[in-house]
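Trainee: Protein chains in written order, with UniProt numbering: chain L, 1 to 1089; chain R, 1 to 188. Think of the CB as a built atom: it goes at the ideal place given N, C-alpha and C, for glycine as much as any other residue. All of these numbers come straight from a predicted model, not from anything done at the bench.
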Amino acid sequence: MTCASNQCFKPVRHSSASLQCLTPVPHSSASLQCFTPVLHSSASLQCFTPVPHSSASLQCLTPVPHSSASLQCLTPVPHSSASLQCLTPVPHSSASLQCLTPVPHSSASLQCLTPVPHSSASLQCFTPVPHSSASLQCLTPVPHSSASLQCFTPVPHSSASLQCLTPVPHSSASLQCLTPVPHSSASLQCLTPVPHSSASLQCLTPVPHSSASLQCFTPVPHSSASLQCFTPVPHSSASLQCLTPVPHSVPHSSASLQLDFRLLPEGSNYVMSNGGGAASSSTHLLDFLEEPIPGVGTYDDFHTIDWVREKCKDRERHRKINSRKKDSAWEFTKSLYDAWSGWLVVTLTGLASGALAGLIDIAADWLNDLKEGVCLSAMWFNHEQCCWTSNETTFAERDKCPQWKSWAELILGQAEGPGSYIMNYFMYIYWALSFAFLAVCLVKVFAPYACGSGIPEIKTILSGFIIRGYLGKWTLMIKTITLVLAVASGLSLGKEGPLVHVACCCGNIFSYLFPKYSKNEAKKREVLSAASAAGVSVAFGAPIGGVLFSLEEVSYYFPLKTLWRSFFAALVAAFVLRSINPFGNSRLVLFYVEYHTPWYLFELIPFILLGVFGGLWGAFFIRANIGWCRRRKSTRLGKYPVLEVILVVVITAVVAFPNPYTRQNTSELIKELFTDCGPLESSQLCQYRSHMNGSKAFSDNPNRPAGPGVYAAMWQLCLALIFKIIMTIFTFGLKVPAGLFIPSMAIGAIAGRIVGIAVEQLAYYHHDWFLFKEWCEVGADCITPGLYAMVGAAACLGGVTRMTVSLVVIVFELTGGLEYIVPLMAAVMTSKWVGDAFGREGIYEAHIRLNGYPFLDAKEEFTHTTLAREVMRPQRSDPPLAVLTQDDLTVEQLQGIINETSYNGFPVIVSKESQRLVGFALRRDITIAIENARRKQEGIVLDSRVYFTQHAPTLPADSPRPLKLRSILDMSPFTVTDHTPMEIVVDIFRKLGLRQCLVTHNGIVLGIITKKNIIEHLEELKQHVEPLAAAWYRHKKRYPSSHGANGQPGSRVHYVQLICSFQDGDDKEQEEQEEEEEEEVCLLDDSSL
Amino acid sequence: MNTVCLLQVFSVTCFVLLSQATAKNSEDIRCKCICPPYKNVTRGKIYNQNVSLKDCNCLHVVVPMPVNGNDVEAYCLRCECKFEERSSGTIKFTIIMYLSILGLLLLYMVYLTLLEPVLKRRLFGHSQLIQNDDDVGDQQPFANAHNVLSRSQSRPNMLNKVEHAQQRWRRQVQEQRKSVFDRHVVLS
């Protein structure tokens, strides 16, 4: 009858009281009573009484937070009892009772009376002998407390009960029983009357006559109770009683009773609950109660999405909605809404992009005319609208009406004369300069992402890249506003590419209204594909061309469903723009033309020549523009974007004004060039000599000799051509919204018109030639110069962008005549062939490569014979791969690995010894999960063990609570073996849209291949074959700013940076190697612990 | 969710305004006839008349007729008449809206670039400015996670929210500016 008692009255913090009993004689009792009223104290009682009938009790009366009490009993003899009573009334306390009593008739009870939040109580029993009982009573009346009781009693007649009386939300109670022997009973009673509580009872009792009951009295929504039984043998009973007083009418409450009768051998229960690696849904079943961590599954800026994962996520969501569909009318409505949301979002996108395109058209026209003058009667009208009803009847005076005043008229009071010319010249430059200056300032201050064309970036985004803010509200607004300014300033740029960007912004913004699209990056890209179709549709008034553009040029993943939605979006957008009627001509574009004259076979020769010109121009433009952009990117030139814009616009305005063909709006120029010379035309281009001899000339409308007006126009057009070519090279890439379509088309149209007139005159003067004799009789009109202009425009555009089908369809929709498909096809194909001979990539791909975006072009073929082993990282000379082990890392070590490396994901392996692959965990998910656990879970400290397995590893008794990270583990990472040919790997990456792929050998992880590695590899191979392709010298000595102040790589810009950094020389690589080495040392140290 | 509501209210207002502005105006239709030179009429002429669609032909629009008698029919055959319709309300609404948005943006830009630094310096002195600079450089991986979590959790009141959103937007723009203008990693 020994007794040991220890009474503490220490009133000061950080004290600890411990009582260790090693009394080997029965009937002893040990009690520890603490009255420490101050924080951070801990009391522990460890008993090693090996003889029966002993009792150990620990009573804590610590009324202050952050105290912990633990009682560990190792009494191996029956009839012992251990009780732990906690009366800690303040938060953040934890009480744990671990019993390892191997003999029957022992009882362990833990009573918690902690009335304040964030406390946790756990009771773990390992009583292997029958007739033992474990009970955990919680009376925690405040939220965020958790109580768990884990029983591992393998012998019958044991009972485990968990009673929770937590009346406040966000509490969770779980009871896990693994009692494999009959006649055991487990009961969980919850009386949680407030929402957001969850109760789960998991039974894995494989033997009959066991009973499991879960009683819930949760009367409010959002609570969930689940009872999962895997009892494969009869005579067992499982009951789930829910007394939710508003059953099924209030959303989000769920009670599930799942009985799984799959008979599995003992010991393999873990395997089954792991999901077996086959279907991810079964994992989620068991992880059901693990509260999803906010932010997990999202992506960082400048990272690549994992298409496979996103598609899986969507399918699972879809399955969930479908399975709930029949439950209630509400769920059915929700499923309908979900099914329709795709069409809704594209409709909204179409509406918005159509309306914005109308706004841009109207405002750009008005602002463009503001450079010349102003409408006095109504200042919001442009020149054309101002003189809407004026009756100035002659051709010469058609542009003059009393309401419209040029600046010279307003300021000087005279419309004619050198003074007014100079005044108009000055005002033209002044307005152009101020528009461009405003545009670049707005872009710089509010939304730098609004500059440029946007199509290269959208292509990259659609292929699965994340650029945060690129499709945001501010970008949309600034791009819309500044696009008008940029177009009106007279720079050599168009609004078509930016319109695609604007439409994509609309698509992105509207997709936030629908959870189906806002939460899933892959689904969002389907909307963006449709949006880009709508953008082209309004830019050219070509809905079908828009869909084909989206398919051919920008989209990466384009299933049939997206095709239909793109078509619908394009239709809606075109309809809206048509009903706005921005040009007043009932057309969607200014340069809509209609031809009715036929073309002759011999004309294919000039058409093909135009194609050659287009191809040459495209190749030259891409070279020159990329060279200039590279210079801008790498030299000091890039430091002065505003100055550069001002310079370019001043030069443009000064040179453009004297020439009437460059002074006017580029769209108008194209219109004039496209339009055929009919009797109704009055422009200089149509001043043929037959004009002179009166009215007779028009009756039979033959090819006529050119008059002096035409020759003058030729000179002006040639000058305009040179001017446009030079200015476009320097304009594309300025920090204002700038599209490429219109200037390219203008150049092609000018060249085409010149060729057309030349051929026409040739036919007139040499109508006895073999070619012309066949088709062109004297006096017949067989050459249409406007058609040449159009073919030239298509050829030049094709040479620059390397589009084929969509381009032909766009131009065909512009003219509305199927007749000219063959000339267009001939010219476009020729220009593509010629262009491809000089360099395979179009301007957009070239810009993508210049910026180093991770874009894996689906059009390029991979013809080399390398193996996955040669591409994977780490290479032979590199330090070994950074991996995580599944259950022997601590939080601190994990944080260390994350802080010291810059990798975006880590393979998880079984252990350092076996190296077998378990799964893959993303860096972002790990950081979020750790941070989340620190906030929400109690007892997670730096020493806490991190485990990715289903069940916690066996830990030493005094270790802190482990952290389970299974929910963020991707258990089905894509793997290839080390001997897989790269051909196949590249194909897998392209077709599945993978982000990374693990390389294994006999199930052992060897390395990893990321998208970035593949792009580097392709680049390397390309340089071996054609060294002229891309000089990477620009990266030398640059990008120090991508690293933070302390030399740590900034996480934000990594994806882009790393691509560059590979080529970039030794210093940085060395730095990275050092980092990796350090981390390796840490890892090894840890594993030896 | 709030932004969504605002967006909806805004679009509804726009729609109402637009539908009011686009109410039919009799000035908005015209018939435009372009007539080429003919015999003793040496110059081509353009006629605009405010007539309805069914009256849009040479006979109704071309007044006074430059030729007489038998030639009228021949002259009119050469003329090309097009009925055109515009919506002056839409144009007016669009231009005014565009100009007002542009004006607001310019004011805000002037405020952000010129006035605010001065005001801040006067109100808070130098310490605030330095602190702001420190915030921007915060790029540690765990700080990032911190941001993500706090975004999903905190529910402050309206004013704080606006303030917070503005701060976040500013930081984003600064980041964008850095990557576009300084580092040239995107859009160059």
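Along the chain, where does the beta strand (DSSP E) containing residue 428 (chain L) start, and where does it finish?
Mentor: Position 428 of the first sequence, counted from the first residue, corresponds to residue 428 (chain L). Residue 428 (chain L) -> not in any beta strand (DSSP E); alpha helix (DSSP H) instead, spanning 418 to 446.
Trainee: For residue 706 (chain L), which of helix, strand or coil comes out of DSSP?
Mentor: Stepping through the first sequence from its first residue, residue 706 (chain L) is reached at position 706. Strand.
Trainee: Select from L:515, L:494, L:423, L:297 the residue whose C-alpha is nearest the C-alpha of residue 340 (chain L).
Mentor: Within the first sequence, numbered from 1, the residue matching residue 340 (chain L) stands at position 340. The closest CA to that of residue 340 (chain L), considering only L:515, L:494, L:423, L:297, is found on L:515.
Trainee: Would the stretch 369 to 386 of chain L and the stretch 106 to 123 of chain R be scored as touching if the rule is three or more Cβ pairs under 8 Å?
Mentor: Two segments are said to touch when three or more pairs of C-beta atoms, one from each, lie closer than 8 Å; by this definition the stretch 369 to 386 of chain L does not touch the stretch 106 to 123 of chain R.
Trainee: Checking 7 Å against the spacing of the C-beta atoms, do residue 922 (chain L) and residue 905 (chain L) come in under that value?
Mentor: On the first sequence, position 922 is the one that residue 922 (chain L) refers to. On the first sequence, position 905 is the one that residue 905 (chain L) refers to. Yes. Within cutoff.
Trainee: Skipping 5 residues on each side, what residues in its chain have a beta carbon closer than 8 Å to that of residue 872 (chain L)?
Mentor: The sequence position of residue 872 (chain L) within the first sequence is 872, counting from 1. When the five nearest sequence neighbours on each side are left out, the beta carbons in the same chain lying within less than 8 Å of the beta carbon of residue 872 (chain L) are those of 978, 999, 1006, 1007, 1008, 1009, 1013, in order along the chain.
Trainee: For a test of the three-state rule: what should DSSP assign to residue 85 (chain R), helix, strand or coil?
Mentor: Residue numbering aside, residue 85 (chain R) sits at position 85 when the second sequence is read from its first letter. Correct three-state label for residue 85 (chain R): strand.
Trainee: Name the residues in the stretch 426 to 446 of chain L whose C-beta lies less than 8 Å from a C-beta of chain R; which are they?
Mentor: 438, 441, 442, 444, 445, 446
Trainee: For a quick check, are the C-beta atoms of residue 84 (chain R) and residue 30 (chain R) less than 7 Å apart?
Mentor: For this step, residue 84 (chain R) is matched to residue 84 along the second sequence. For this step, residue 30 (chain R) is matched to residue 30 along the second sequence. It is a contact, given that the beta carbons lie within the stated cut-off.
Trainee: Measuring only between beta-carbons, confirm whether residue 389 (chain L) sits less than 7 Å from chain R.
Mentor: Position 389 of the first sequence, counted from the start, is the residue given in the question as residue 389 (chain L). Yes, its Cβ sits closer than 7 Å to a Cβ of chain R.
Trainee: Counting only the same chain and skipping the five closest in sequence on each side, list residues whose C-beta sits under 6 Å from that of residue 181 (chain R).
Mentor: As a working note, residue 181 (chain R) is residue 181 in the second sequence. Within the same chain, residue 181 (chain R) has no close Cβ partners at all.
Trainee: I'd like to know whether the C-beta of residue 903 (chain L) is nearer than 7 Å to at least one C-beta of chain R.
Mentor: As a first step, residue 903 (chain L) is located in the first sequence; it is residue number 903 there, counting from the start. Cβ-Cβ to chain R under 7 Å: no for residue 903 (chain L).
Trainee: Rounded to the nearest angstrom, how far is the Cβ of residue 58 (chain R) from that of residue 76 (chain R), given a contact under 8 Å?
Mentor: On the second sequence, position 58 is the one that residue 58 (chain R) refers to. On the second sequence, position 76 is the one that residue 76 (chain R) refers to. The Cβ separation is near 4 Å, so the contact holds.
Trainee: Hey, is the stretch 357 to 367 of chain L in contact with the stretch 483 to 500 of chain L, meaning 3+ C-beta pairs nearer than 8 Å?
Mentor: yes
Trainee: Measure the beta-carbon distance from residue 1021 (chain L) to residue 306 (chain L) and round it to whole angstroms, keeping in mind my assumption that it falls under 8 Å.
Mentor: What you label residue 1021 (chain L) is simply residue 1021 of the first sequence in a count that begins at 1. What you label residue 306 (chain L) is simply residue 306 of the first sequence in a count that begins at 1. Wrong, their Cβ atoms sit about 25 Å apart, outside the cutoff.
Trainee: 7 Å is my cut-off, CB to CB: does residue 628 (chain L) come that close to chain R?
Mentor: Translated into the one-based positions of the first sequence, residue 628 (chain L) becomes position 628. Residue 628 (chain L) does not count as touching chain R.
Trainee: Would you please verify whether the beta carbon of residue 421 (chain L) is less than 7 Å from any beta carbon of chain R?
Mentor: Taking the first sequence and counting its residues from 1, one reaches residue 421 (chain L) at position 421. For residue 421 (chain L), the answer is no, since every Cβ of chain R falls outside 7 Å of its Cβ.
Trainee: What residues match up with residue 906 (chain L) in a beta bridge as DSSP calls it?
Mentor: Residue numbering aside, residue 906 (chain L) sits at position 906 when the first sequence is read from its first letter. Beta-bridge pairing links residue 906 (chain L) to L:921.
Trainee: Using a C-beta cutoff of 7 Å, does residue 184 (chain R) count as contacting chain L?
Mentor: Within the second sequence, the letter at position 184 stands for residue 184 (chain R). Answer yes: the Cβ-Cβ gap between residue 184 (chain R) and chain L drops below 7 Å somewhere.
Trainee: Give, in chain order, every unbroken run of the beta strand (DSSP E) that is at least 3 residues long and sits entirely within the stretch 984 to 1012 of chain L.
Mentor: 996 to 1001, 1004 to 1010
Trainee: How big is the Cα-Cα spacing for residue 879 (chain L) and residue 907 (chain L)?
Mentor: Counting from 1 along the first sequence, the entry for residue 879 (chain L) is found at position 879. Counting from 1 along the first sequence, the entry for residue 907 (chain L) is found at position 907. Approximately 15 Å between the Cα atoms of the pair.
Trainee: Would you check if the stretch 755 to 765 of chain L and the stretch 567 to 584 of chain L touch, i.e. whether three or more CB-CB distances between them fall below 8 Å?
Mentor: no
Trainee: Quick one: which chain R residues come within Cβ less than 8 Å of residue 461 (chain L)?
Mentor: What you label residue 461 (chain L) is simply residue 461 of the first sequence in a count that begins at 1. Within 8 Å of the CB of residue 461 (chain L), no CB atom of chain R is found; the nearest one sits about 11 Å away.
Trainee: Starting from the beta carbon of residue 638 (chain L), find every residue of chain R whose beta carbon is closer than 8 Å, and list them in chain order.
Mentor: Counting from one through the first sequence, the residue named residue 638 (chain L) turns up at place 638. In chain order: 181, 184, 188.
Trainee: Please name the residues in the stretch 98 to 121 of chain R whose beta-carbon is closer than 9 Å to at least one beta-carbon of chain C, in chain order.
Mentor: Although the question refers to chain C, the structure presented lacks it and instead comprises the protein chains L and R.
Trainee: Would you list the one or two residues that DSSP bridges to residue 304 (chain L)?
Mentor: Here residue 304 (chain L) refers to the residue found at position 304 when the first sequence is read from its first residue. The partner list for residue 304 (chain L) (beta bridge, DSSP) reads L:465.
Trainee: Residues in the stretch 40 to 72 of chain R with C-beta within 7 Å of chain L's C-beta atoms, listed in sequence order?
Mentor: So the list reads 43, 44, 45, 46, 47, 48, 50, given in the order they occur along the chain.
Trainee: When the Cβ atoms of the stretch 328 to 347 of chain L are set against those of the stretch 59 to 79 of chain R, are three or more pairs found closer than 8 Å?
Mentor: Not touching, per the Cβ criterion.
Trainee: For chain L, find out if any of its Cβ atoms is closer than 7 Å to the Cβ of residue 170 (chain R); answer yes or no.
Mentor: As a first step, residue 170 (chain R) is located in the second sequence; it is residue number 170 there, counting from the start. Not a single CB atom of chain L sits nearer than 7 Å to the CB of residue 170 (chain R).
Trainee: For residue 930 (chain L), name the three-state secondary structure that DSSP assigns.
Mentor: If you number the first sequence from 1, residue 930 (chain L) lands on position 930. In the structure shown, residue 930 (chain L) sits in a helix (DSSP, three-state: H, G or I).
Trainee: Among L:430, L:826, L:822, which has the Cα closest to the Cα of residue 647 (chain L)?
Mentor: Locating residue 647 (chain L) in the first sequence gives position 647, where the first residue counts as 1. Nearest of L:430, L:826, L:822 to residue 647 (chain L), Cα basis: L:430.
Trainee: Give every residue of the same chain whose Cβ lies closer than 6 Å to the Cβ of residue 371 (chain L), excluding the five residues on either side of it in the sequence, and list them in chain order.
Mentor: Position 371 of the first sequence, counted from the start, is the residue given in the question as residue 371 (chain L). If we look at residue 371 (chain L) and ignore the five residues flanking it on each side, its Cβ neighbours are 428, 431.
Trainee: Considering only residues of the same chain and omitting the five flanking positions on each side of residue 497 (chain L), which have a CB-CB separation below 7 Å?
Mentor: Along the first sequence, one-based indexing puts residue 497 (chain L) at 497. Once the five neighbours on either side are set aside, the close Cβ partners of residue 497 (chain L) are 453, 454, 455, 739, 740, 741.
Trainee: Are the C-beta atoms of residue 641 (chain L) and some chain R residue less than 7 Å apart?
Mentor: Working through the first sequence from its first residue, we reach residue 641 (chain L) at position 641. Judged by the 7 Å Cβ criterion, residue 641 (chain L) is in contact with chain R.
Trainee: Please confirm whether residue 174 (chain R) has its beta-carbon closer than 7 Å to some beta-carbon of chain L.
Mentor: The sequence position of residue 174 (chain R) within the second sequence is 174, counting from 1. No, because no Cβ of chain L sits closer than 7 Å to the Cβ of residue 174 (chain R).
Trainee: Can you check DSSP and say which residues form a bridge with residue 49 (chain R)?
Mentor: Position 49 of the second sequence, counted from the start, is the residue given in the question as residue 49 (chain R). According to DSSP, which records beta bridges pairwise, residue 49 (chain R) is partnered with R:31.
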